[in-house]
Each structure stands twice: as C-alpha cells, then as structure tokens.
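**Q** Taking full-length UniProt numbering, the leading residue of the sequence shown gets 1, the next gets one more, and so forth. Where is the CB? At the ideal position from N, CA and C, for every residue including glycine.
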Amino acid sequence: MLVAGCAGGEAGGADGPDGSGRRPSAPGVDGSADPGKVFTDAELGAVLLPAQSVGDDATANEISLGLFDRHFGGGDWSTCAAGRDARGELVRMKGASAERTVRPDPAATSDDAPFVFERLVSMPAARAGRYLELRRALHDACGRVTVDTDAAPVVEHHEARPLADLGDEAVLETTRTTGGDEFDGTPHYEVELRVGGVLVTVGAGTDRALTLSSAAEAAQRVRKDLYGAS
C-alpha cells in the first residue's frame, strides 16, 4: 500500500491525453487564500464541470445539492476493523456539497457506459486536509477487504497513491474487486484532492486518463472561479 510519503513515489503512467505521460496539473491556493473560507452548495454547484468538458455531445445529470455526509466511497469498508477509527472520524465531517454525473455518450445506456462523476465539498482548509489524511489511512489499513454478497464472497483491493501538482493535496484511489463470476479485478479510479478548503472528488470508472484530466480541470475551476486565483 502506497500513501503520501511512503516509498514508491507518485502515481505514474501515460496519463496525458496524447498518451505521453504528461499528467494534467492544476496549482493549489494554500498561502494565498483564506483557510477558513467556506462556500454554499449553490456556489459549489455553479463551478461543477460543464458537460462539454468531456465531449461535444456529452450530457449532464441534474445537480444534487445538500449536506455532505457520505465518507466511505470506493468500496465496502464495514468489515475492516483496522479502519474503524478513521471511519469514526470521517463520519463526523460535514460540509456543503454539490455533485453530478456527466456522460460523454448520451446514447450509451449499459452499466459500463463512460461517465465522469464529480463532487465538491466545502469545509475549512485544515479540516479538508484532515479528511484526505483519513482517507489515505483508511486505504492503508484496509488494502484488502472481504465482502459477502448474495452469490459468493468477493475481495476488494484498495490502493491510494499521492499525486503531485494537482491542487494543494491529491491522491489517486484504485479499487479492484475479485471473486465470484462477475468480478475480474478490473481497476476503477477516483481522484480525491483539495484546493484550499474545497474537496474535489472525480471518478470515471475504469478510464484512468479521463479521471485524471477531469480532476485537473475541476481543480482549475475551483481555483479560478471560487478563489479568484489566476
């Protein structure tokens, strides 16, 4: 398991849109923005990625606004006793939020059709940093989790690796599920990052490059449109 500061370095690979390995980037705002500043759910919703950011024909679902109270995305963590303390602290973190899903191909209706999910959550910067710290700790403690299903037990494999040059802090979370007849271990990707006190979560399923490029654009929009950074 690789977490921030551990051996193994940063998540790498050919993540640029041209396959060159030049990963998209976006600066943070630490040191230049008020660390206690928070935003409303309406303000967050106004800076979500537009549908056209992932394709000319893309369509966006309705925006969901409200209080953020879901903290265990990316898997079923309930059977992992080692992650209980992290889960207990995460569940107490609240903040205004906005989220929606964009579909690059509106004609695709299958379960594995391409998509980009984005969620923005606002809280003071110190608390947002603690949130990411706890998420990394959860992945570190629960790298392998057995989950009972109606068909047969399956195993979730979790990994979180640091990403440089993406907001003030960022991690690439990878989840693979093995076991049973329908799970082949295909990795699913999600980026969780912080720009000041705004937590940005972006996932595009099995598409690593789209996850990273969309996360970078989302971070840039938060930086520019919420914090007024150039």
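Tell me which residues share the same chain as Asp76 and place their Cβ nearer than 8 Å to its Cβ, disregarding the 5 neighbours each side in the sequence.
**A** Cβ neighbours of Asp76 beyond the five flanking positions: Val145, Val147 and Glu156.
**Q** Let me know if Leu166 comes out buried or exposed under the rule of 16 or more other beta-carbons within 10 Å of its beta-carbon.
**A** Leu166 is buried by the Cβ-count criterion.
**Q** Going by C-alpha to C-alpha distance, which of Ala160, Thr149, Pro50 and Ser213 sits closest to Thr101?
**A** Out of Ala160, Thr149, Pro50 and Ser213, Pro50 has the C-alpha closest to the C-alpha of Thr101.
**Q** Quick check on the DSSP output: what are the complete alpha helix (DSSP H) runs of length 4 or more inside the segment 21-54, in order along the chain?
**A** Listed in chain order, the complete alpha helix (DSSP H) runs (minimum 4 residues) inside the segment 21-54 are 41-45.
**Q** Compare the Cα-Cα distances from Pro114 to each of Val121, Asp105 and Ser122 and report the closest residue.
**A** Nearest option by C-alpha distance: Asp105.
**Q** Along the chain, where does the beta strand (DSSP E) that runs through Ser214 open and close?
**A** First-last for Ser214: Arg208 to Arg221, but that is the alpha helix (DSSP H), not the beta strand (DSSP E).
**Q** In chain order, what residues of the same chain have a beta carbon less than 6 Å from the beta carbon of Ala86, not counting five sequence neighbours either side?
**A** Cβ neighbours of Ala86 beyond the five flanking positions: Leu134, Ala137 and Leu138.
**Q** To the nearest angstrom, how far is it from the Cα of Ser78 to the Cα of Ser230?
**A** Each residue's alpha carbon lies about 42 Å from the other.
**Q** Could you tell me whether the segment 158-175 touches the segment 187-194, using the rule of 3 or more Cβ pairs below 8 Å?
**A** Yes: the two stretches touch, three or more of their Cβ pairs being nearer than 8 Å.
**Q** Using DSSP with H/G/I as helix, E/B as strand and the rest coil, what is Arg127?
**A** If DSSP states are grouped into helix, strand and coil, Arg127 belongs with the helices.
**Q** Give the C-beta separation of Leu120 and Ala98 to the nearest angstrom, bearing in mind that I take them to be a contact with Cβ-Cβ under 8 Å.
**A** Right, their Cβ atoms sit about 5 Å apart.
**Q** Among the residues of its own chain, which have a CB less than 7 Å from the CB of Ala82, if the five just before and after it don't count?
**A** Same-chain partners within the cutoff: Ala141 and Cys142.
**Q** Where Ala14 and Arg208 are concerned, what is the direct C-alpha to C-alpha distance, given to the nearest angstrom?
**A** Here the model assigns Ala14 a pLDDT of 45, short of 50, so the residue's position is not dependable, and the following value carries that caveat. In a straight line, the C-alpha of Ala14 is about 9 Å away from that of Arg208.
**Q** When we look at the beta-carbon of Gly5 and count the other beta-carbons within 10 Å, is it buried (16 or more) or exposed?
**A** Only weak support is given to the placement of Gly5: the predicted model assigns it a pLDDT of 30, under 50, and the value that follows is read from those uncertain coordinates. Exposed, by the Cβ-count rule.
**Q** For the beta strand (DSSP E) containing Glu99, name the first residue and the last one.
**A** Its beta strand (DSSP E) spans residues Gly95 to Arg103.
**Q** Under three-state DSSP, which class holds Val116?
**A** In the structure shown, Val116 sits in a strand (DSSP, three-state: E or B).
**Q** Cutting at 7 Å between CB atoms, please list the residues of its own chain near Ala60, excluding the five before and the five after it.
**A** Once the five neighbours on either side are set aside, the close Cβ partners of Ala60 are Ala51, Arg100 and Val102.
**Q** Report the CB separation of Ala168 from Val29 in whole angstroms; it is logged as a contact under 8 Å.
**A** Looking at the sequence shown, residue 168 is not Ala but Asp. So it is a contact: roughly 7 Å between Cβ atoms.
**Q** Since Ala26 contacts Gln220 with CB under 8 Å, what's their CB separation in whole angstroms?
**A** Going by Cβ atoms, the distance from Ala26 to Gln220 rounds to 4 Å, so yes, they are a contact pair.
**Q** Considering only the beta carbon of each residue, do Gly196 and Ala125 sit closer than 8 Å?
**A** Yes; because the gap between Cβ atoms is below 8 Å, this pair is in contact.
**Q** I need the straight-line Cα distance from Glu217 to Asp56, nearest angstrom please.
**A** Roughly 16 Å separates the two Cα atoms.
**Q** Is there a Cβ of chain B sitting closer than 8 Å to that of Ala98, yes or no?
**A** The structure shown contains no chain B; it is built from a single protein chain.
**Q** By the DSSP assignment, the beta strand (DSSP E) with Arg144 in it spans what residues?
**A** Where Arg144 is concerned, the enclosing beta strand (DSSP E) stretches over Arg144 to Val147.
**Q** Between which two residues does the alpha helix (DSSP H) holding Arg84 run?
**A** Note, Arg84: alpha helix (DSSP H), Arg84 to Leu90.
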